[in-house]
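Numbering (the working numbering), first residue to last: 48 to 347.
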């Protein structure tokens with residue numbers, strides 16, 4: 048597929064990208080997000096040996112045929128499953144590799160393409176244009192998409208529907224907080240530097256939900272990671288206070304003193320290999336503690 052370019056500074060419509068419902072399932076960008084990839088990066092690459100890789104279509108409430116990337120073990124199962132919520136750049140090679148890493152461990156991983164109702168942001172270099180696309184995804188739409196991913200997973204014989212979780216990065220981290228406040232079907236969530244608190248200078252907006260304002264609704268425990276050098280870490284005290292006030296004692300926020308935003312993203316200059324590895328280890332232990340861990344798994 049030819050990489051699309053924005054035709055107007057205020058963004059483009061799906062028709063301008065010729066993304067039909069039949070063709071949108073092939074819209075995943077092949078490569079790393081153009082606006083963020085570092086020339087010095089040496090990203091982790093997980094091959095597909097022993098895995099089944101699929102592009103599937105989810106059925107959210109608005110009737111859109113939502114594409115999603117799936118990586119799963121090539122074995123009978125059933126397996127626990129994890130929804131992977133992307134950064135603002137959508138389902139590009141980094142997110143697909145995270146799915147394969149999880150599948151290698153014995154999970155079914157599904158990454159919905161939340162933004163393609165407008166366009167795939169991954170090939171673009173203009174951050175203003177990318178944010179215009181991202182802002183087109185309302186919280187209501189995104190939660191509907193997460194619900195569609197849950198329904199998809201529950202319908203598959205290779206998934207253990209009692210062992211579902213979600214993880215997300217940056218924008219997807221905020222999505223993970225909200226999903227755990229919305230869906231009781233999720234047993235755990237792992238947030239990588241997602242927004243928590245409405246900025247002081249932001250007016251209330253009925254289209255936006257802020258995790259700290261809904262902490263009492265939390266239906267699944269959350270483990271969240273932030274870098275002390277990331278501006279989003281300023282919201283940690285308020286989120287911790289909201290969790291404590293709501294009695295959500297099984298949730299935890301970890302702050303890494305030497306990390307900034309995007310410290311898990313191995314294709315970016317912000318990557319911090321030590322803290323990324325520690326967070327990954329903690330994530331797997333947290334999922335196991337809350338019943339979302341693979342049983343004995345032998346790849347085919």
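Note that CB positions come from ideal geometry on N, CA and C, so glycine has one too. If you're wondering where the values come from, they're calculated on a predicted model, not measured in any experiment.
Classification of residue i by the beta-carbon crowding that lies within 10 angstroms, buried from 16 upward
i           : result
residue 110 : exposed
residue 169 : buried
residue 296 : exposed
residue 68  : Any reading at residue 68 must be qualified, since the residue scores a pLDDT of 38, below 50, and its modelled position is unreliable; the value itself is stated next. It is exposed - the Cβ of residue 68 has fewer than 16 other Cβ atoms within 10 Å.
residue 174 : exposed
residue 71  : In this predicted model, residue 71 has a pLDDT of only 41, less than 50, meaning its place in the structure is not dependable; the value taken from the coordinates is given anyway. By the 10 Å Cβ count, residue 71 comes out buried.
residue 228 : buried
residue 141 : buried
residue 321 : exposed
residue 89  : exposed
residue 268 : buried
residue 287 : buried
Beta carbon of residue i nearer than 8 Å to that of residue j
i           : j           : result
residue 158 : residue 133 : yes
residue 283 : residue 230 : no
residue 171 : residue 281 : no
residue 155 : residue 113 : no
residue 99  : residue 210 : no
residue 152 : residue 341 : yes
residue 95  : residue 148 : no
residue 164 : residue 183 : yes
residue 135 : residue 181 : yes
residue 84  : residue 101 : no
Inter-residue spacing [alpha-carbon to alpha-carbon] between residue i and residue j
i           : j           : result
residue 258 : residue 241 : 10 Å
residue 330 : residue 249 : 32 Å
residue 308 : residue 218 : 11 Å
residue 187 : residue 224 : 14 Å
residue 130 : residue 263 : 22 Å
residue 325 : residue 311 : 10 Å
residue 243 : residue 139 : 24 Å
residue 208 : residue 265 : 20 Å
residue 317 : residue 179 : 23 Å
residue 125 : residue 119 : 10 Å
residue 346 : residue 97  : Per-residue confidence for residue 346 stands at a pLDDT of 49, beneath the threshold of 50, marking its modelled position as unreliable; the derived number appears in the next sentence. So the two alpha carbons sit approximately 5 Å from each other.
residue 239 : residue 216 : 5 Å
residue 254 : residue 279 : 21 Å
residue 77  : residue 315 : 16 Å
Residue i beta carbon near the ligand FMN (any heavy atom closer than 7 Å)
i           : result
residue 339 : Here there are no bound small molecules, and the ligand FMN is not part of this structure.
CB-CB length for residue i against residue j, believed under 8 Å
i           : j           : result
residue 160 : residue 137 : 6 Å
residue 93  : residue 167 : Actually they are not in contact, since the Cβ atoms of residue 93 and residue 167 sit about 22 Å apart, beyond 8 Å.
residue 189 : residue 128 : In fact, because the Cβ distance is near 18 Å, the residues do not count as touching under 8 Å.
residue 177 : residue 313 : No, residue 177 and residue 313 are not in contact; Cβ-Cβ is about 20 Å, not under 8 Å.
Could you tell me whether the stretch 232–251 touches the stretch 333–343, using the rule of 3 or more Cβ pairs below 8 Å? yes
Between the stretch 100–108 and the stretch 193–208, can you find at least three pairs of beta-carbon atoms closer than 8 Å? yes
Could you tell me whether the stretch 298–306 touches the stretch 260–272, using the rule of 3 or more Cβ pairs below 8 Å? yes
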